[in-house]
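Student: With full-length UniProt numbering applied, the sequence shown corresponds to residues 1 to 365, in that order.
For glycine and all other residues, C-beta sits at the position ideal for the given N, C-alpha and C.
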Amino acid sequence: MQVLIIDDVPEIVELVRLILEDQGIVCISSFNATDGLDIARNGSVDLILLDILMPGEDGFALCRRLKSDEATKEIPIIFITGKGDDESIVKGFELGAVDYIPKPFNRYELLSRVQTHLKLINRTRELNSIISVKDRVLSIIAHELRNQFSSLMNMYELFSADLEGMENPQLQRHLHSLSYGLSETHDLFDNLITWSRNQRGKFRMKYAKIHLYSVIQEIENGILNGLEYKELTLDNRVDPALFAVSDETLVRLIIRNFITNAIKFSYRGGTITVSSMKEQGCACITVQDEGTGIDPEVKNDLFHIDKNPTTAGTEKEKGTGIGLIICRDFAKKIGASIDLESDPGEGAAFTLHIPVYPSPGEDPS
């Protein structure tokens with residue numbers, strides 16, 4: 001690994017170099033900010049030791065430039081300086097430095113701190129390599145699962161078409177149950193893949209004008225199997241004139257989770273109502289069911305992954321509880337918020353508050 005020493009005093013540079021190279025650490029040096037920046041940009045630098053007090057551009061200014069440059073912003077910086085007042089130390093950390101060594105320095109302290117940060121750099125790179133491998137594996141698994149799931153859906157469609165018109169209520173009920181299970185599995189898979197992409201920084205949001213009434217209609221068409229299986233009615237009362245500017249993929253995923261959650265906890269033959277209102281710069285979409293409701297003690301834990309309770313649906317449907325966790329994360333990502341109103345036996349109402357316009361600095365296109 002290679003350490004860049006930037007100090008205007010040649011004797012200091014030479015002393016630091018000797019201490020580090022004695023332990024097998026490769027060093028390069030610079031006596032001013034301009035040359036130091038060029039070396040950091042063009043060389044293979046793992047760690048920078050930087051003096052604060054230098055003629056011309058000082059260490060603070062150089063640190064600021066290093067941290068604003070795409071080529072150098074990830075390189076850890078340790079200040080080595082006689083400027084040891086609290087204000088200077090705090091300023092260095094605020095600018096992005098990872099450590100501070102006062103002059104005159106103890107050779108053992110210098111070596112210990114440098115070795116510690118080099119070990120951290122190595123471990124970070126190893127971790128990033130592991131994450132990269134996991135990303136590739138996950139991508140392959142996701143692709144294979146999508147193919148397998150598509151095959152299952154095609155087989156179901158063929159089987160269902162062959163049995164169409166057959167008067168066998170029990171068989172028809174089993175088919176609806178199978179279709180409902182496939183839909184739930186698809187939703188879980190879609191949730192996890194999208195959430196995983198977001199956690200890994202792979203999800204790129206695309207802001208656009210969203211016609212919310214149409215979104216609900218399209219979601220309804222995609223979950224007809226679940227509605228039919230439990231003989232439920234979806235009442236779309238969203239204002240046809242209501243629009244919002246947001247990422248449609250995430251808005252759709254959140255609302256779909258609300259509705260599939262309502263299906264799970266609704267009694268057979270009930271109604272799920274999707275309504276809207278506009279308030280304080282937000283388009284509000286509420287999904288209201290007539291189901292079991294939520295116990296107050298459970299309500300506060302629904303959006304916390306370490307406490308998330310899982311409850312069986314009205315017909316013993318199983319669930320992971322991960323859907324609402326994902327909704328919370330994605331709502332935060334698009335600058336939205338979620339409200340929940342519910343009492344045991346009185347159903348539940350989940351409301352998504354979507355900003356009508358994106359936050360400043362976000363791309364609406």
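1) Take A40 and list the residues in its own chain whose beta-carbon comes closer than 7 Å to its own, dropping the five residues that flank it on each side.
2) In terms of residue numbering, what span does the alpha helix (DSSP H) encompassing I354 cover?
3) Look at the alpha carbon of L127 and the alpha carbon of L120, and state the distance between them as a whole number of angstroms.
4) Alpha carbon to alpha carbon, how far is H117 from F330?
5) Could you check where the beta strand (DSSP E) with S30 kicks off and where it finishes?
6) What's the gap between the Cα of I19 and the Cα of G92?
7) Under a three-way DSSP split, which group does D190 fall into?
8) Out of A283, V287, G269 and L340, which one is the CA nearest neighbour of F303?
9) Using the rule of at least 16 other Cβ atoms within 10 Å of the residue's Cβ for burial, across every protein chain shown, is G36 buried or exposed?
10) Select from I255, E94, T81 and N122 the residue whose C-alpha is nearest the C-alpha of F105.
11) Counting Cβ pairs, one atom from each stretch, are 3 or more of them under 8 Å apart for the region 286-302 and the region 344-352?
12) How about L232 and S276: are their beta carbons less than 7 Å apart?
13) Going by C-alpha to C-alpha distance, which of M205, D51 and L145 sits closest to L182?
14) Taking the C-alpha atoms as reference points, what is the distance between I193 and I334?
15) Tell me which residue opens and which closes the beta strand (DSSP E) that E341 is part of.
16) Is it buried or exposed, G24, if we count other Cβ atoms within 10 angstroms and call 16 or more buried?
17) Give a yes or no on whether the C-beta atoms belonging to V274 and N236 are separated by under 7 Å.
18) Using a threshold of 7 Å, state whether the C-beta atoms of I216 and V238 are closer than that.
Tutor: Result, derived from the coordinates:
1) Position 40 of the sequence shown, counted from the start, is the residue given in the question as residue 40. Contacts found: L4, I48, L66, T72 and I75.
2) Here residue 354 refers to the residue found at position 354 when the sequence shown is read from its first residue. Here I354 belongs to no alpha helix (DSSP H); instead the beta strand (DSSP E) covers A348 to P355.
3) Locating residue 127 in the sequence shown gives position 127, where the first residue counts as 1. Locating residue 120 in the sequence shown gives position 120, where the first residue counts as 1. Distance between the alpha carbons of L127 and L120 is about 10 Å.
4) As a first step, residue 117 must be located in the sequence shown, where it is residue number 117. As a first step, residue 330 must be located in the sequence shown, where it is residue number 330. If you take the alpha carbons of H117 and F330, they lie about 35 Å apart.
5) Here residue 30 corresponds to residue number 30 of the sequence shown, with the count starting at 1. First-last of the beta strand (DSSP E) with S30: V26 to S30.
6) The count along the sequence shown starts at 1 and reaches residue 19 at position 19. The count along the sequence shown starts at 1 and reaches residue 92 at position 92. Distance between the alpha carbons of I19 and G92: 24 Å.
7) As a working note, residue 190 is residue 190 in the sequence shown. Three-state result, D190: helix.
8) On the sequence shown, position 303 is the one that residue 303 refers to. Out of A283, V287, G269 and L340, L340 has the C-alpha closest to the C-alpha of F303.
9) The residue labelled residue 36 in the question sits at position 36 within the sequence shown. By the neighbour-count rule (16 or more Cβ atoms within 10 Å), G36 is buried.
10) Taking the sequence shown and counting its residues from 1, one reaches residue 105 at position 105. Among I255, E94, T81 and N122, the Cα nearest to that of F105 is on T81.
11) yes
12) The count along the sequence shown starts at 1 and reaches residue 232 at position 232. The count along the sequence shown starts at 1 and reaches residue 276 at position 276. Result no, Cβ atoms of L232 and S276 do not sit closer than 7 Å.
13) Numbered from 1 along the sequence shown, position 182 holds the residue referred to as residue 182. The shortest C-alpha separation from L182 is found at L145.
14) As a first step, residue 193 is located in the sequence shown; it is residue number 193 there, counting from the start. As a first step, residue 334 is located in the sequence shown; it is residue number 334 there, counting from the start. Using only the alpha carbons, I get a separation of about 18 Å.
15) Position 341 of the sequence shown, counting from 1, holds the residue named residue 341. S337 to S342 is the extent of the beta strand (DSSP E) around E341.
16) Position 24 of the sequence shown, counted from the start, is the residue given in the question as residue 24. Classification of G24: exposed, given that the 10 Å Cβ count is below 16.
17) Your numbering for residue 274 matches position 274 in the sequence shown. Your numbering for residue 236 matches position 236 in the sequence shown. Contact: yes.
18) Numbered from 1 along the sequence shown, position 216 holds the residue referred to as residue 216. Numbered from 1 along the sequence shown, position 238 holds the residue referred to as residue 238. Contact: yes.
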